[in-house]
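Engineer: If you use the working numbering, the first sequence closes out at 1697, no skipped numbers anywhere.
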Amino acid sequence: MEQYDHKKIEQKWQQRWHESEAFRADNSSSKEKIYILDMFPYPSGSGLHVGHVEGYTATDIYSRYKRAQGYNVLHPMGWDAFGLPAENYAIKTGIPPVQTTASSIDTFRGQIKRLGLSYDWSREIGTHTPEYYKWTQWFFLFLYNNGLAEKRVAKVNWCPKDQTVLANEQTVSESGEKGVCVRCGTKVVQKDLAQWFFKITDFADALVDDLDQVDWPESTKINQRNWIGRSEGAEVSFKVVFDKPDTKEGLIPVFTTRPDTLFGVTYMVLAPEHAWITLAIDDNHDVLVNKEEVKAYVVAAKNKTDLDRQIDDAKEKTGVKLEGVWAINPATKEKIPMYVADYVLGGYGTGAVMGVPAHDERDFAFAKKFNVPVKQVVAPYVVITGVDAPQSEENIIKFDAESAIIKHWEKDLYYVVEFANTGHHGFVGGHVEEGEKPGETAVREATEESGYKNIKKSTQLFEYGYSRGYKVRKSREELCRDRIYIVELADRERTDIVDKETKQGSWKTADEILKDPVLINHHKLYFEHYIQNAQFTGDGVLVNSGTFDGMPNEEAKKKIIEFVGGKVTKTYKLRDWLISRQRYWGAPIPVVYDPEGKPHAVPEEHLPWILPTDVEFKPTGVSPLGQSKELLERTEKIFGKGWTPEIDTMDTFVCSSWYFFRFADPHNENEFASPEAIKKWLPVDLYMGGAEHTVLHLMYARFFTKALQKFGLISFSEPFLKLRHQGTILAEDGTKMSKSVGNVINPDEFIELYGADTVRLYEMFMGPLEAMKPWNTKSIIGVRRFLERVWKLGEKVADIAPDLATETLRNQTIKKVSEDLDVLKMNTAVSALMVFSNHLAGLEQVPRPAYVTLLQLLAPLAPHITYELAEVVGLEHSEWSVWPTADETKLVSHTVSIAVQVNGKLRGSLTDVPSGVSEDEALTLARTNPAVALWLAKGKEVKAIYVPNKIINFVVL
RNA sequence: GCCGGGAUGAUGAAAUGGUAGACAUAGGGGACUUAAAAUCCCCAGACCGAUUACGGUCGUGUGGGUUCGAGUCCCACUCCCGGCACCA
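1) According to DSSP, what are the bridge partners of Met1008?
2) Which first and last residues belong to the alpha helix (DSSP H) in which Lys1108 is found?
3) Going by beta carbon distance, what residues of the same chain come within less than 8 Å of Asn1284, once the five residues before and after it are set aside?
4) Quick one: any contact between the region 1631–1646 and the region 1543–1555, if contact means 3 or more CB pairs under 8 Å?
5) Can you tell me where the beta strand (DSSP E) holding Thr996 begins and where it ends?
6) Under a three-way DSSP split, which group does Asp932 fall into?
7) If you drop the 5 nearest sequence neighbours on each side, which residues of the same chain put their C-beta closer than 6 Å to that of His1579?
8) In whole angstroms, what separates the C-alpha of Val1557 from that of Met1574?
9) Do you know how far the Cα of Val1696 is from the Cα of Glu1681?
10) Taking only three categories from DSSP, how would you classify Trp861?
11) By the three-class DSSP mapping on this structure, what secondary structure does Val1168 have?
12) Which residues does DSSP list as the beta-bridge partners of Met1428?
13) Do you know whose CA, among Val954, Ala889, Ile1692 and Lys939, lies nearest Pro1459's CA?
14) By alpha-carbon positions, which one of Ser784, Ala798, Asp800 and Lys1532 ends up nearest to Ala842?
15) How about Tyr1591 and Val1613: do their beta carbons lie closer than 9 Å?
16) Use the C-beta contact count for Phe1451: other C-beta atoms within 10 angstroms, 16 or more gives buried, fewer gives exposed.
17) Please state whether the Cβ-Cβ distance between Ala944 and Ser1457 is less than 9 Å.
18) Would you mind sorting Ile1329 into buried or exposed? The rule is 16 or more other CB atoms within 10 Å of its CB.
19) Buried or exposed for Ala974, going by 16 or more other Cβ atoms inside 10 Å?
20) Using 10 angstroms around the beta-carbon of Gly1361, count the other beta-carbons present and answer buried if the total reaches 16, otherwise exposed.
21) Rounded to whole angstroms, how far is the Cβ of Val905 from the Cβ of Asp932, which I believe are closer than 8 Å?
22) Candidates Tyr1607, Gln1596 and Leu1527: which alpha carbon is nearest Ala1581's?
23) Ignore the nearest five residues each way along the sequence and tell me which others in Ser1649's own chain have a CB closer than 7 Å to its CB.
24) For the beta strand (DSSP E) containing Pro1339, name the first residue and the last one.
25) Taking C-alpha atoms, which residue in Lys773, Asp1488 and Asp800 lies nearest to Met779?
26) Check whether the Cβ atoms of Leu1448 and Trp1515 lie closer than 9 Å to each other.
27) Does DSSP put Ile835 in a helix, in a strand, or in coil?
28) Since Gln1641 sits in a beta bridge, which residues does DSSP pair it with?
29) Looking at Gly1064: is its Cβ nearer than 9 Å to the Cβ of Val1112?
30) Identify every run of the beta strand (DSSP E) within the region 1276–1309, keeping only runs that are complete inside it and at least 3 residues long; order them along the chain.
31) Taking the C-alpha atoms as reference points, what is the distance between Tyr1440 and Ala889?
32) Considering Cα atoms alone, identify which of Gln839, Phe1104, Pro1487 and Leu1609 is closest to Met741.
33) Rounded to whole angstroms, what is the Cα-Cα separation between Ala1480 and Gly1430?
34) Quick one: give me the first and last residue of the alpha helix (DSSP H) that Tyr1440 is part of.
35) Excluding sequence positions up to five away, which residues of its chain have a Cβ less than 8 Å from the Cβ of Lys1476?
36) Taking all protein chains shown into account, do 16 or more other C-beta atoms lie within 10 angstroms of the C-beta of Glu827, making it buried, or fewer, making it exposed?
What follows is the structure, encoded as structure tokens:
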């Protein structure tokens, strides 16, 4: 047998796969389909890096595995080819992006092919091709015609030096300075521009709710939910009155999630952008006494970018009081002052906020600074969680929820008070002794007169004091886990569980506790500190709220909304998607303007609306397409004299929001994909990609899918049923790879040196797929050695039957690898194969069936060497290309070793015990084992636990 | 600040509540070799006591708890890494 020459065999098989179109997805097959997709790459000039390889290899393994199991697999690849880097390169060099992109794609494709990835290359697409962006433009028209695309004026980041619009991420310099142009370091300003938006907010609820249907990492779902930022609350209108006589009163609505705190509203704030402010400071109005001061503040605030607001010390509140105007608190009817302040955002809610300093952190900070009164209207729940009674039985408190505390407190009682939901705890009166700190362990003597015996002597001091005896700990556990509140009795044996739901409680308000003279000494200081120095944002009982006093705040929300005539509403952080880019290298927006400047969609028959080529790439202050004579002429020719083209292009995220549909039917000239093809292949069954850019891309792709569904073009609502992220691969020193640091690892040299199979296997073997892990060049040799061992095993293959141990391991390995591949645990699948091959290497001759299994299992992971070895050993493709199944009856070897513990400590082990040995026999064997017997003799055996075939534990006292 | 994720040998890591460290790298020892590389075999968590072959204690970030038994479950904490960040 020849040496393992990876170059020769990898080239050979890649050639054959290419020629036979081995991985073509079959549109007409009746096999069950599975659509396995990688996030398609942006083909950057620097080529594929090891992070791409990781994700692509994982899906490739999964695809090959599924093919072996008889699925009809769609596993395509394409290029997200429009984008800034190519354009920036063009600005620098003058080389048109179409050229650099083409060569980058060639590089990527070559690298991918060298990895032996089983893509269906007949479905390759590039978003920059007219054949593709025709349909990107079609999607624009589709949204436009259905009222989901519209033009509006919006602020953009503008670099005055480069004369160009910057995306938010382009406003951070390489050194991390914010609010400056990424290229020239000039301070970014805000500029108003008319731009196209997609109305993704129409789908906000569906985008949140449908996350429940998909199998995605929980953290990704949370990110999506946070990004959408749905919050449920109320809109309440505040009456506005003026000092100036004869001025008409107005109404200003505010959005709040805490209508229960309305009685605590002591001021109102408007955003600088608020329409009412704009009116009040214009020349025709004269209601503000300090109009000029307000005007100056508003102008300054508007010049601040979002980034400026971040740069500012976020805690430092600014604002100006509106003199001569007051709001009326709809709950108390009191006159309250009004302010304009930029901590209120114009674009969220109604742009107006009711100030509740006692129960909102920001309002509290503002109120402190502007000397606005703080009025507490919610008092934290107080839960008595521990009461120690002294000696006698009759002193043990019958812990009646209403009266126990007041009636039975006596001087020596100990108690623990917990302020529910505050994040703060009270303390045990007098029990934390001098010099002791919460979190430390204290030792207490259990004395006769305390009535406690056999209690643990060391106990941890908690923030609220300390508790003795473990029963208390258990209660705390339940308290925290189930939000069930516990009232404990002194003897630790009786615990009354007070359920929050049924309201059978021992709730006491802070005020009530404070009124109890016995408690005052212990709690007064704490409470005074608490109320003066912190806002309380948790749940509790209403106080200072008129007829609502004593009501739990959650319950009060609805009632107070009713009381003040507000309405229940929802608000979102999600904004509509601004898709206009003043850029060249993107899909042109298919819109033209008539001589009056009114936009018209370019009719579908004129698609693709070709990206012109007669432009310079140097920034000039207008979009590059504005320079194109051809585009203007084309427009006039089709639509008439005086018509002008839209000169912005679309955000590249638009291109990537629908590409997964195109793979189903990539060459269709009449539709973005035929309904049959969509029905055949979609939705995507497994979607793999990095976790870093997934919030936006996934959101947009889901939006497109939901829009298509809404208008009846497709019948499902979620594009990606199952999503997994490959983790970031770090440089060898554990830092992030970055071009500027120069520690980017290119897979090519390792493919050259060790072969694609080794690189694939190594990246899978590094650790869990989703984990962040450092590259380690030295370790690669390990998987290479493994492959060489497998190679050499081929020489020892013989037509003999496997011995029992081999047969057992063979079946165990089939089971293990199958289970691992199902859940993408590639790392342990590789190690199971290593165990199996190490075993085979120890045999004189390798039984043919065992070797065939090894090849079958290895094939998805290291395909080239497997194909070659199968050929060398003389196997027909059909003999080894089908996934094996484990024989359940052969998974357990017939002798096992059983560990024996005494009191949980390993004291011996029984070897060569027949598998399935009875409990009695096993225990007898264990008791007679000399090492174990020695330990059993030290006490009296009271109990024995037997876990069949695994472990025995004797409990000895 | 908030929301996630994490912490296991020198390193990457493994482990349905059941013999912690599988598998691999680096390391040590040996075989083969004139030698080296490659390959193969053996050792390998820490500490203590014996050293023929062993025995014990400790050990999965820290402190507690539940359990016959905890890396795994519960509570509290520390540190690290990501994301979001005045969203009322």
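Cβ coordinates follow ideal geometry from the N, Cα and C atoms, glycine included.
Just so you know, these numbers come straight off a predicted model, no measurement behind them.
Structural biologist: With the structure as the only source:
1) Taking the first residue of the first sequence as 1, we reach residue 1008 at position 268. Partner(s): Met1078 and Met1094.
2) In the first sequence, the residue the question calls residue 1108 occupies position 368. That run of the alpha helix (DSSP H) goes Glu1101 to Phe1110.
3) Along the first sequence, one-based indexing puts residue 1284 at 544. Phe1003, Gly1004, Lys1115, Gln1116 and Val1117, listed in sequence order.
4) yes
5) As a first step, residue 996 must be located in the first sequence, where it is residue number 256. It spans Gly990 to Thr996 - the beta strand (DSSP E) in which Thr996 sits, taken as one unbroken run.
6) For this step, residue 932 is matched to residue 192 along the first sequence. Three-state result, Asp932: strand.
7) Residue mapping note: residue 1579 aligns to position 839 of the first sequence, counting from 1. Once the five neighbours on either side are set aside, the close Cβ partners of His1579 are Leu1549.
8) As a position in the first sequence, residue 1557 is number 817, starting the count at 1. As a position in the first sequence, residue 1574 is number 834, starting the count at 1. The alpha-carbon atoms of Val1557 and Met1574 are separated by roughly 11 Å.
9) Position 941 of the first sequence holds residue 1681. Position 956 of the first sequence holds residue 1696. Distance between the alpha carbons of Glu1681 and Val1696: 4 Å.
10) Counting from 1 along the first sequence, the entry for residue 861 is found at position 121. Note: Trp861 maps to helix in three-state DSSP.
11) Here residue 1168 is taken as the residue at index 428 of the first sequence, counted from 1. For Val1168, the predicted structure reports a pLDDT of 28, less than 50, and the residue's modelled location is therefore unreliable. The matter cannot be settled from this model.
12) Locating residue 1428 in the first sequence gives position 688, where the first residue counts as 1. In the DSSP output, where bridge partners are listed per residue, Met1428 has Asp778 and Arg1464.
13) Walking along the first sequence from the start, residue 1459 turns up at place 719. It is Val954 whose Cα lies nearest to the Cα of Pro1459.
14) Stepping through the first sequence from its first residue, residue 842 is reached at position 102. Checking every option, the nearest Cα to that of Ala842 belongs to Ser784.
15) Taking the first residue of the first sequence as 1, we reach residue 1591 at position 851. Taking the first residue of the first sequence as 1, we reach residue 1613 at position 873. Yes. Within cutoff.
16) Start at 1 with the first residue of the first sequence, and residue 1451 comes out as number 711. Classification of Phe1451: exposed, given that the 10 Å Cβ count is below 16.
17) Translated into the one-based positions of the first sequence, residue 944 becomes position 204. Translated into the one-based positions of the first sequence, residue 1457 becomes position 717. No.
18) Within the first sequence, residue 1329 is the residue found at index 589, counting from 1. Buried: at least 16 other Cβ atoms inside 10 Å.
19) Here residue 974 is taken as the residue at index 234 of the first sequence, counted from 1. Classification for Ala974: buried.
20) In the first sequence, the residue the question calls residue 1361 occupies position 621. Classification of Gly1361: exposed, given that the 10 Å Cβ count is below 16.
21) Your numbering for residue 905 matches position 165 in the first sequence. Your numbering for residue 932 matches position 192 in the first sequence. About 12 Å; that fails the 8 Å criterion.
22) Residue 1581 sits at position 841 when you count from the first residue of the first sequence. The candidate whose alpha carbon is nearest that of Ala1581 is Leu1527.
23) Against the first sequence, residue 1649 aligns to sequence position 909. Counting only Cβ-Cβ distances below 7 Å, and skipping sequence neighbours, we find Ser1637, Ile1638, Ala1639 and Val1640.
24) Your numbering for residue 1339 matches position 599 in the first sequence. Note, Pro1339: beta strand (DSSP E), Pro1339 to Ala1341.
25) For the purposes of this step, residue 779 is taken as the residue at position 39 of the first sequence. Met779 has its Cα closest to that of Asp800, out of Lys773, Asp1488 and Asp800.
26) In the first sequence, the residue the question calls residue 1448 occupies position 708. In the first sequence, the residue the question calls residue 1515 occupies position 775. Not in contact: Leu1448 and Trp1515 (Cβ atoms no closer than 9 Å).
27) For the purposes of this step, residue 835 is taken as residue 95 along the first sequence, with counting starting at 1. In this structure, Ile835 counts as coil in the three-state DSSP scheme.
28) Counting from one through the first sequence, the residue named residue 1641 turns up at place 901. Answer is Leu1646 and Asn1693, bridged to Gln1641.
29) By one-based count along the first sequence, residue 1064 stands at place 324. By one-based count along the first sequence, residue 1112 stands at place 372. No.
30) 1280–1282
31) Position 700 of the first sequence, counted from the first residue, corresponds to residue 1440. Position 149 of the first sequence, counted from the first residue, corresponds to residue 889. Whole-angstrom Cα-Cα distance: 14 Å.
32) Within the first sequence, residue 741 is the residue found at index 1, counting from 1. Here the closest residue by C-alpha is Leu1609.
33) Within the first sequence, residue 1480 is the residue found at index 740, counting from 1. Within the first sequence, residue 1430 is the residue found at index 690, counting from 1. First, the amino acid is wrong: residue 1480 is Ser here, not Ala. Using only the alpha carbons, I get a separation of about 21 Å.
34) The residue given as residue 1440 occupies position 700 in the first sequence. Its alpha helix (DSSP H) spans residues Thr1434 to Lys1450.
35) Stepping through the first sequence from its first residue, residue 1476 is reached at position 736. Here the set comprises Thr1468 and Leu1470.
36) Taking the first residue of the first sequence as 1, we reach residue 827 at position 87. Burial call: buried.
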